[in-house]
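Here's the structure, in structure tokens; my notes come after.
Number of protein chains: 2
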Amino acid sequence: METAAATRGRPREFDVEEALAAALRVFWEKGYDGASLTDLTEAMGITRPSLYAAFGNKEELFKRALDLYETEKLAYVGAALAAPTARGVAQRMLEGTIANITSECRGCLGVIASVGCSNADSPIRADVRGRAQSSRAAMIERMERAIEDGDFTLPVTAEAMTQYLTAVMQGIAVQSGAGASRAELEQVAEATLAIWPGR
Amino acid sequence: METAAATRGRPREFDVEEALAAALRVFWEKGYDGASLTDLTEAMGITRPSLYAAFGNKEELFKRALDLYETEKLAYVGAALAAPTARGVAQRMLEGTIANITSECRGCLGVIASVGCSNADSPIRADVRGRAQSSRAAMIERMERAIEDGDFTLPVTAEAMTQYLTAVMQGIAVQSGAGASRAELEQVAEATLAIWPGR
DNA sequence: CAGATTACATACTTATCGGTATAGAACGTT
DNA sequence: AACGTTCTATACCGATAAGTATGTAATCTG
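Chains A and B are the protein sequences, given in the same order.
Residue numbering for the first sequence follows our numbering, beginning at 1 and increasing consecutively.
Residue numbering for the second sequence follows our numbering, beginning at 1001 and increasing consecutively.
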């Protein structure tokens, strides 16, 4: 249905992926509510009507930016879950988190969008939550296998260890957004691993 | 200087502390940027000029609300630091955090204001950060004493354990804001205590 | 080259933002 | 009762929010 179009009419003068990457940085810095269309269009180097023609509206642009964020910035999650032991998973997750939130922009876009959205029943929050749910499920599965493998020296549940590790990562993201140095964040990761109960 | 005034002129028709408590709830729910003056005045039951006469402006109102938050909602911090062991401190801190963020409103006002403020160099962020710094210092001191007391079964630093425990609490607050159930939050606290290295 | 089609650029819409000017209402003092 | 003082109520301010109408420029099809 939508495969037609071809190349009729005036060609677009900007690169959609580049513009999207610029939008992602703005959302990352300012959050969904905080990012105005003026901020976005300036960073993307396009005009308002071009943005609406290419992406629909602000909300859809944000979702597209989240897609990009997931594929580019959250790639470490998959690699982390492939670690041979639960400790390895935790280590790679923490390292990935710190690398991610101290790179281009501070903090975690998921946390920023979820916490920073003014009204609790916003479609933005629901979207972010839905995305988080799938990686949570993957983490729980991985932790279940770790329990079967005897990775833990304590009787823990997969859900609890997932929620716990997620909390530490989110806390690191909060501290990063609040201005903590990379060394301080690494302290948290090191402490978590030093405490980690098992291999 | 300001002790004069007495009771000359028309008396105020609303209770300042009550209005402040209402403002706190609004800021807590929507964050600083997200709370509009319309939201605030409606919840406080007063008009705009009354708000400005009594509190100065939005920023000062927020700081007053933060004062109230600290004295009423963060009282558990002092009690937690008085626990006999580091584990006791952690337990009371985690319990206090969960009780706080699942009571009136979800999440932690400090996290919400810090993460949810659209621009990074806002006076709001600076204020929140300054307040957090003092409790951080108190926590570090307490952890130093715990190390001297031999509370820990691992070679840890007071700074690292403080940052770590703070991260877990912030993570719990994030999850609460994202809609996690109380049971899920308690899972995190229980896991943290189960893992806690020492008494 | 004519026409359809698509994108860009300027300027606009309505709504809401934080903050305030102004007028009237309620009090203590004289 | 008249006055100064302080609060409340309404209506307003300029700035900015998200989103769009309109005209023009650039491409493909015929």
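Positions of the beta carbon are idealized from the N, C-alpha and C atoms, including for glycine.
Keep in mind that this is a model prediction, so the values were computed, not measured.
At a cut of 8 Å, does the stretch 1022-1031 of chain B reach the stretch 97-114 of chain A through at least three beta carbon pairs? no
Within 10 Å of its beta-carbon, does glycine 34 of chain A have 16 or more other beta-carbons around it, so buried, or fewer, so exposed? buried
Pull the bridge partners of glycine 1198 of chain B from the DSSP assignment, please. B:Phe1152
Taking glutamine 133 of chain A as the reference, give the member of A:Ser103, A:Thr166, A:Gly150, A:Thr157 with the closest Cα. A:Thr166
Which residue comes first and which comes last in the alpha helix (DSSP H) that contains arginine 1106 of chain B? That residue, arginine 1106 of chain B, is in no alpha helix (DSSP H); it is neither H nor E in DSSP.
Simplified DSSP assignment, three categories, for aspartate 1015 of chain B: coil
Whole-Å CB distance - isoleucine 101 of chain A paired with alanine 173 of chain A, under 8 Å assumed: 5 Å
Which residues bound the alpha helix (DSSP H) around alanine 1090 of chain B? 1086-1101
Take the Cβ of alanine 1183 of chain B as the centre, count every other Cβ of all protein chains shown within 10 Å, and call the residue buried at 16 or more, exposed below. exposed
Beta carbon of arginine 1131 of chain B nearer than 9 Å to that of leucine 1185 of chain B: no
Chain B residues whose Cβ lies nearer than 8 Å to that of aspartate 151 of chain A: Here the premise fails: no neighbours, minimum Cβ distance about 14 Å.
Spatial neighbours of isoleucine 1046 of chain B within its chain, please: C-beta separation below 7 Å, excluding the five flanking residues on both sides. Phe1014, Ala1019
Provide the residue span of the alpha helix (DSSP H) that contains serine 1036 of chain B, from first to last. Unbroken run through serine 1036 of chain B: none, as it is neither H nor E.
Close Cβ partners of glycine 1107 of chain B (< 8 Å) along its chain, the five nearest in sequence each way excluded: Trp1028, Ile1101, Ala1173, Val1174, Ser1176, Gly1177
If the cut is a Cβ gap below 8 Å, which residues of chain B does serine 114 of chain A touch? Val1174, Gly1177, Ala1178
Counting Cβ pairs closer than 8 Å, one from the stretch 1057-1074 of chain B and one from the stretch 1139-1154 of chain B, do we hit at least three? no
Under 8 Å from the C-beta of arginine 1131 of chain B: neighbouring residues of chain A: Within 8 Å Cβ-Cβ: nothing; arginine 1131 of chain B doesn't reach chain A, min ~11 Å.
Compare the C-beta of methionine 44 of chain A with all C-beta atoms of chain B and state if any pair is closer than 9 Å. no
For a contact meaning CB atoms closer than 7 Å, what does tyrosine 1164 of chain B contact in chain A? Val188, Ala191, Thr192
If you draw a straight line from the alpha carbon of methionine 1161 of chain B to that of isoleucine 1124 of chain B, how long is it in whole angstroms? 27 Å
So, is the C-beta of glutamate 1059 of chain B closer than 9 Å to a C-beta in chain A? no
Run through chain A and tell me which residues come within less than 9 Å of aspartate 1033 of chain B, C-beta to C-beta. Gly31, Asp33, Gly34, Gly116, Ser118
Nearest chain A C-beta to tryptophan 1196 of chain B closer than 9 Å, yes or no? yes
How many Å lie between arginine 64 of chain A and asparagine 1119 of chain B at the Cα? 22 Å
Would glutamate 1159 of chain B count as contacting chain A if we go by Cβ distances under 9 Å? yes
Looking at the C-beta of glutamate 13 of chain A, does it have a partner C-beta in chain B at a distance below 9 Å? no
Positions along the stretch 94-113 of chain A whose CB lies within less than 8 Å of some CB in chain B: Arg106, Gly107, Val111, Ile112
My guess is that alanine 1075 of chain B and arginine 1092 of chain B are in contact by the Cβ rule of under 8 Å, so how many angstroms apart are they, rounded? Contact flag wrong, Cβ pair sits at about 11 Å.
Sequence-distant residues of its chain with Cβ nearer than 8 Å to glycine 1031 of chain B (five each side left out): Ile1112, Ala1113, Gly1116, Cys1117
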